[in-house]
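Residue numbers (our numbering): 843 to 992. To start, the structure under review is shown below, and the notes come after it.
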């Protein structure tokens, strides 16, 4: 039977090693954000497909081109995030992403709290999930920005 203090030390060393390899970096956060922005953009491009929005319990965007324009802007921002990840200028992009995600989460939360979305129960769950994801993304950007600044 192994000696208990030695086993605890081995576990602690394994955890330290794992944390070192799974470190949250600015490059990783920007690339994950770029992928999520691209995914949301695809959904917004389909805003003229009423059945998709009805299936998710979301109100139909009217006119659909506003949602599609937002999708185009998200694609452009995703390209900037992906392209500058790990390069000079990534800090400014991460700061912009943090602010945009925080503002998006706040705006969506205010509309949801006011009950003015027109979404059914499924849609409300989806929209609260998006608001939570945006808040988490903003926090992740803030954490890596603070770490990089110290």
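In this text, a Cβ means the ideal position worked out from N, Cα and C, and glycines have one as well.
- In the three-state scheme derived from DSSP, where H, G and I count as helix and E and B as strand, residue 869 is classed as helix.
- With at least 16 other beta carbons inside 10 angstroms of its own, residue 983 counts as buried.
- Here residue 895 is buried. Its C-beta has 16 or more other C-beta atoms within 10 Å.
- If you compare the alpha carbons of 971, 882, 931, 957 with that of residue 910, the shortest gap goes to 882.
- Within its own chain, the residues whose Cβ lies closer than 7 Å to the Cβ of residue 972, once the five positions on either side in sequence are excluded, are 950, listed in chain order.
- The three-state reading of DSSP puts residue 904 in coil, since its state is none of H, G, I, E or B.
- Scanning its chain for C-beta atoms nearer than 8 Å, with the 5 sequence neighbours on each side dropped, one finds around residue 943 the residues 875, 976, 977, 979, 980, 983, in chain order.
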